[in-house]
Each structure stands twice: as C-alpha cells, then as structure tokens.
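Residue numbers (my numbering), protein chains in the order written: chain A, 1 to 301; chain B, 1 to 227.
Where is the CB? At the ideal position from N, CA and C, for every residue including glycine.
Taking it in order: structure first as structure tokens, then the write-up.
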Amino acid sequence: MAKSLFEEKLNSGKFLVTTEIGPSKGADTSEIVHHIELLKDKVDALNVTDHQSSVMRFPSLGGCLLIKEHGGEPILQMTTRDRNRLALQADLLLAYSRGIRNVLCLTGDAIEVGDHKEAKPVFDLDSVQLIRMVRTMESGKDLAGHDLNGAPEFCLGATVHPAADFIEPQLIKFDKKVAAGTQFFQTQGIYDLDCLRRFMQYARQFNVKILAGIIVLASARMARYMNDNVPGVIVPQATINELSSVEKGKGLQKGIEIAVQLIKTIKEENLCHGVHIMAVGRENIVPEILEAAGVGVSVPA
Amino acid sequence: MIVAEQKPLDEIRRTIAPYEKILILGCGTCMTVCNAGGEKEVSVLHSALKVAQTRGRNEAHSFLEYTVKRQCEFEFLDMLVDKVKEVDAILSLGCGVGVQVLAERFSDTPTLPGVNTSFMGASKEWGVWDERCAACGECRLAETAGICPITRCAKGILNGPCAGSKNGKCEVNKDTDCAWILIYERLERLGQLEKMRRYYPPRNFCPIPRPRRLVSKVDINLGGNDG
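As structure tokens, then:
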C-alpha cells in the first residue's frame with residue numbers, strides 16, 4: 001500500500017504538479033488558509049516552506065496541519081537549520097500522527113541570508129543524513145538505536161540543482177540522496193531546458209521521480225536580485241533579457257508566460273515527471289498558470 | 001595558531017574603570033603573531049589609555065606593562081607574582097585561555113579580557129587570517145583532501161555542497177570559497193573522488209560537551225625525550 005496519496009500519484013505515471021505555500025509571518029492564518037483553499041484541489045500536493053530564506057514565519061508543520069484540516073495533500077518541508085536530531089525526530093512523529101505523510105528533506109538556507117542573523121545555526125544533520133534518519137525511524141528505531149513505540153512512514157523527497165554552475169559535486173550529492181531512499185525530487189528553479197535535458201539523461205537511470213522547479217519571476221529586477229541574493233537560484237541572462245523586453249508593469253505577465261511555456265514544453269516533450277511551481281509570495285497566480293499550461297488536477301464541476 | 005582581535009578602546013576603558021592600578025599583560029605566542037596582544041600592542045595600548053585618560057575626567061589609572069611568553073601555562077605566570085601584588089586588576093591581552101589561566105592562578109585579582117578571541121587559523125597574507133580548524137575532536141581531513149568542511153563550510157555539512165554554492169563561492173559570502181567545491185577539486189586532482197561519494201553519518205558531538213578535557217595517553221614520565 002502506498003504511504004500517501006502523493007506516493008500513489010508518483011507511481012501512477014501521470015504528469016504531476018505541485019506548488020508551495022510560503023506562510024506569512026504572524027499568528028493570523030487566514031492568508032495561508034485562503035491559499036490552501038485556492039490550490040488544494042488543483043495540484044497533486046502542496047508544499048509548505050520551512051522558514052524559507054531563513055526568514056522566521058508560521059511553521060511548515062503548522063501549515064501542513066492546516067492543509068490536512070482542509071482536505072489537501074501536504075508535503076512537509078523540513079530543514080536541518082533550526083532543529084537538532086531530537087527536535088527533527090519529534091516533529092516527524094507529530095507530523096505522522098496527524099496524517100502528514102510526505103516530507104521534503106532539505107539542509108536549509110544559511111542563517112546569514114535571513115532576518116534573524118544573530119541566531120545560532122544548528123545543522124546537526126545535513127539533508128542526506130536527514131533522509132537516512134527518516135528511513136531509520138521507519139524501521140522502528142530512533143537515530144540513537146532505541147525502539148520506537150510506533151514507527152512512522154513517509155514518502156520522501158529532496159531537492160537537486162540541475163542548473164548549478166558546477167554540476168559534478170551536485171550530482172554526487174544527488175546520488176547520495178537517491179541511495180538514502182529519496183523517492184521524488186523537486187528541483188531548484190529551471191529556466192534553461194537544455195540544462196534539464198542534460199540532468200534527466202543522467203537521472204533517468206534511477207528509480208526516482210523528478211519534478212522540475214518553476215520559479216515565477218515578476219521582473220528583470222527580481223531576477224537579478226534573486227541571482228545575487230537567493231541561494232540556489234540561477235536565472236540565465238536570456239530570461240532576464242526577455243523580462244526586460246516588456247514595458248513597465250507587464251513584468252509579471254511575462255514571468256507567467258515564461259513559466260507557462262516552460263511547463264508546456266516539459267510536459268509535451270515528457271522531459272521529466274512533473275513540475276513544482278514556486279510563485280514566491282504570489283500564490284494567487286498559480287491557478288492562472290495551471291490553466292494556461294493545461295496541467296494540474298481538474299476541478300470537479 | 002589562535003587568532004584574536006583587540007577590543008575597541010572604549011570597551012577596554014569601561015572594563016578597567018573601577019580599578020586604579022592595572023597590569024597590561026601581553027602574551028608572547030599567538031597574540032604576538034596575530035598583532036592582537038604582543039609586547040608591541042601592550043605598549044601601544046598603554047599609550048592609548050594614557051592619552052585617553054588625560055582627555056577624560058576623574059580618571060586616575062596607573063599602568064604597568066609586561067609580556068609573558070605564554071599566558072596559557074601556569075609556570076610562565078609564577079614570575080608575575082610580585083607585579084600582580086602591586087595592581088588592582090590585570091588587563092590581559094592573551095586569548096580566552098590566557099585570561100582564564102591568569103584568573104585561576106591569581107584568584108584574588110580581577111582579570112579582564114582585552115581581546116576578542118576569534119578562532120584557530122592561519123595567516124593568508126600579512127594582516128589577514130583565515131579560520132582553519134574548529135577543534136571538533138574527530139578529524140576527518142583524510143577524507144576531505146585536507147580541507148575541513150566543518151570549519152570552512154558555513155553549514156558544516158558532510159555529504160557535499162548545498163545548492164547555495166555559486167561561482168565556487170558560498171551563499172553566505174561571495175568572497176568565501178565553497179569548501180565543498182574546493183574539496184571536490186582537490187579530491188579529483190588526487191584521484192580520490194570515491195571519498196566524496198561515500199556517505200558520512202551524522203557527526204558525533206560527544207567530544208563537544210563543554211568543558212572538554214584531554215588526558216594524554218602517552219606516558220610523559222617515561223618517554224625517551226632527553227631534550
């Protein structure tokens with residue numbers, strides 16, 4: 001039996017679509033709930049980011065619980081930046097007990113890029129070790145080798161960076177994540193499809209599903225900012241030029257067009273197993289992208 | 001070596017404010033090499049404090065200056081007994097170890113730090129030091145081509161680079177090399193890339209609970225060392 005609804009979909013062979021919710025900062029969950037309601041029936045699963053860019057927000061676990069409450073399929077993003085192995089294991093047990101069955105294992109951005117620069121970085125584990133730790137817990141033992149009273153089970157994901165400017169070390173890490181038991185990958189942002197093609201030539205030898213990361217850009221300025229400041233984002237000059245070519249105020253529309261075109265091509269050419277759309281604070285535009293690209297779960301009439 | 005930086009003069013003045021007679025004590029080893037607290041820095045700080053005092057009000061410190069070979073070893077401190085008797089406080093330009101060994105040796109005299117101890121590192125060029133060792137207690141440099149990921153990777157991760165590595169630099173600082181790119185390149189040059197392909201389990205932090213103590217396994221009394 002599949003460990004989760006999303007795992008079932010991973011094995012179904014259909015073109016998958018996931019997107020993510022970046023929780024707001026504060027105790028008011030109305031915006032998160034609005035985004036959940038907007039997206040939950042249109043995609044195969046919804047990620048909730050874990051203090052994305054090391055900026056303190058409503059937690060991923062809390063967002064995933066809200067998704068469960070509203071009948072959606074959550075993917076718990078879990079970084080090792082803020083919690084040691086005790087806290088990570090405890091959160092996994094809580095997540096499992098509340099029906100959260102998909103986890104995306106990440107190392108997490110450095111503290112220094114975020115809004116609490118004086119905080120202590122934890123990084124007790126790295127992403128590969130986190131994946132292995134979850135698999136250990138599934139065997140009924142905690143990381144110290146003690147018996148668990150009830151073992152959790154998760155469908156496990158990780159990230160990979162096909163657009164990295166130095167790809168070989170990234171592929172070594174990818175191999176380790178695969179060997180550790182990763183079932184699906186949501187890639188860092190992809191703009192250059194040749195780069196995705198090259199990566200898939202390599203990745204197809206493994207029994208893992210690859211969802212290409214699509215970051216929706218709103219302007220050339222945003223693209224340059226992300227290149228300079230956001231870890232893991234490399235927007236090629238050709239994409240920046242495309243965004244600069246439109247008149248002021250039309251940047252987002254262009255960004256949406258670029259995203260739609262990427263998704264369409266990826267699907268038509270069957271380049272990989274699906275896409276993961278990152279709207280970076282503009283969750284409201286995701287339905288428009290899904291519709292224009294002709295992807296996602298069709299909403300029951 | 002241990003690398004440190006002298007504290008700002010204002011902070012030092014606030015720290016010494018309650019005391020009249022002060023021994024400014026340099027350290028002849030690491031602190032001399034990193035220009036934070038050797039004989040020269042003791043003398044310069046002494047002058048700076050005197051100048052500042054003439055400009056300030058209600059300040060009447062008197063200073064002694066001296067530099068020992070190593071503040072971190074008790075036997076080098078015995079020669080200070082008479083000097084310490086004369087003063088109300090010691091302003092140490094030794095590293096954090098030196099300050100504490102002084103405090104332990106001279107239990108009736110306040111011992112104040114004059115430097116911020118930064119890290120263990122090496123001199124990259126004149127006046128520039130880079131951190132090289134985190135004293136983790138489990139050296140893995142044999143697996144990482146002599147480049148320490150715990151010290152030189154901002155996240156101290158063990159299984160390869162994160163996605164933040166760009167142009168061979170770290171996501172935290174564009175001037176800092178990504179340790180994992182350096183490790184990859186050097187392992188490749190040495191024909192040892194299989195070391196990077198290996199899985200490294202979570203670190204054992206057992207050696208870390210502080211304070212650490214090391215008891216030598218070498219019999220120091222019976223060794224053949226007659227030098």
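Coil, strand or helix - residue i by DSSP
| i | result |
| --- | --- |
| E303(A) | An answer regarding residue 303(A) cannot be provided, because it is not within the stretch 1 to 301 covered by chain A. |
| L61(A) | helix |
| A292(A) | helix |
| D44(A) | coil |
| K85(B) | helix |
| S219(A) | coil |
| M133(A) | helix |
| Q52(A) | helix |
| E131(B) | strand |
| N159(B) | coil |
| F206(A) | coil |
| L16(A) | strand |
| P300(A) | With a pLDDT of only 45 at P300(A), under 50, the local geometry of the prediction cannot be trusted, and the value read off the model is given with reservation. P300(A) falls in the coil class under three-state DSSP. |
| K173(A) | helix |
Element boundaries [beta strand (DSSP E), containing residue i]
| i | result |
| --- | --- |
| L148(A) | Segment: none, L148(A) is in no beta strand (DSSP E) and carries neither H nor E. |
| M303(A) | In the structure as shown, chain A begins at 1 and stops at 301. Residue 303(A) is therefore absent and cannot be evaluated. |
| F166(A) | Looking at the DSSP string, F166(A) is not in any beta strand (DSSP E), and its letter there is neither H nor E. |
| I2(B) | 2–6 |
| F184(A) | 184–189 |
| Q192(B) | It is not in any beta strand (DSSP E) - Q192(B) carries neither H nor E in the DSSP assignment. |
| L38(A) | That residue, L38(A), is in no beta strand (DSSP E); its alpha helix (DSSP H) goes 30–39. |
Spatial distance of residue i from residue j (CA atoms)
| i | j | result |
| --- | --- | --- |
| L156(A) | L10(A) | 11 Å |
| D194(A) | H70(A) | 39 Å |
| E230(B) | D10(B) | In this structure chain B extends from 1 to 227, so residue 230(B) is not present and cannot be described. |
| A2(A) | R101(A) | 10 Å |
| P74(A) | G181(A) | 19 Å |
| T109(B) | G96(B) | 17 Å |
| T49(A) | R212(B) | 38 Å |
| D192(A) | P236(A) | 7 Å |
| S4(A) | V103(A) | 11 Å |
| K40(A) | N47(A) | 10 Å |
| L194(B) | A145(B) | The displayed chain sequence assigns Glu, not Leu, to residue 194(B). In a straight line, the C-alpha of E194(B) is about 11 Å away from that of A145(B). |
| S54(A) | A60(B) | 49 Å |
| H161(A) | G189(A) | 8 Å |
| E257(A) | I214(A) | 12 Å |
| A154(B) | C272(A) | 32 Å |
| K248(A) | E288(A) | 21 Å |
Own chain partners of residue i with C-beta closer than 7 Å, once the 5 adjacent residues on each side are dropped
| i | result |
| --- | --- |
| L65(A) | R98 |
| N35(B) | E41 |
| E65(B) | I24, V42, S43, H46 |
| T29(A) | F58, L66 |
| S118(B) | V3, A4, E5 |
| G227(B) | Its pLDDT being 44, under 50, G227(B) is placed unreliably in this model, and the value from its coordinates should be taken loosely. Cβ within range, chain order: n/a, list empty. |
N-terminal and C-terminal residue of the alpha helix (DSSP H) that residue i is part of
| i | result |
| --- | --- |
| R152(B) | 149–152 |
| A203(A) | 193–203 |
| P211(B) | Where P211(B) is concerned, there is no enclosing alpha helix (DSSP H), given that its DSSP letter is neither H nor E. |
| Y184(B) | 179–189 |
| P113(B) | From DSSP, P113(B) is part of no alpha helix (DSSP H) but of the beta strand (DSSP E) over 111–113. |
| A87(A) | 85–97 |
| D10(B) | 9–16 |
| L5(A) | 5–10 |
Contacts around residue i, its chain only, beta-carbon distance under 8 Å, and the 5 residues preceding and following it disregarded
| i | result |
| --- | --- |
| K117(A) | I111 |
| S24(A) | E31, I32, R57, F58 |
| R135(A) | L156, A180, G181 |
| N284(A) | H35, L38 |
| A135(B) | M120 |
| Q253(A) | V246 |
Cutoff 6 Å; reference residue i; Cβ partners in own chain excluding five residues on either side
| i | result |
| --- | --- |
| G121(B) | V3, W129, D130, E131, R132 |
| A238(A) | none |
| I150(B) | A134, C136, G156 |
Please specify which runs of the beta strand (DSSP E), each continuous and at least 3 residues long, are wholly inside the stretch 227–271 of chain A, giving them in chain order.
Those beta strand (DSSP E) runs which fall completely within the stretch 227–271 of chain A and span 3+ residues do not exist here.
Identify every run of the alpha helix (DSSP H) within the stretch 27–77 of chain B, keeping only runs that are complete inside it and at least 4 residues long; order them along the chain.
30–33, 39–55
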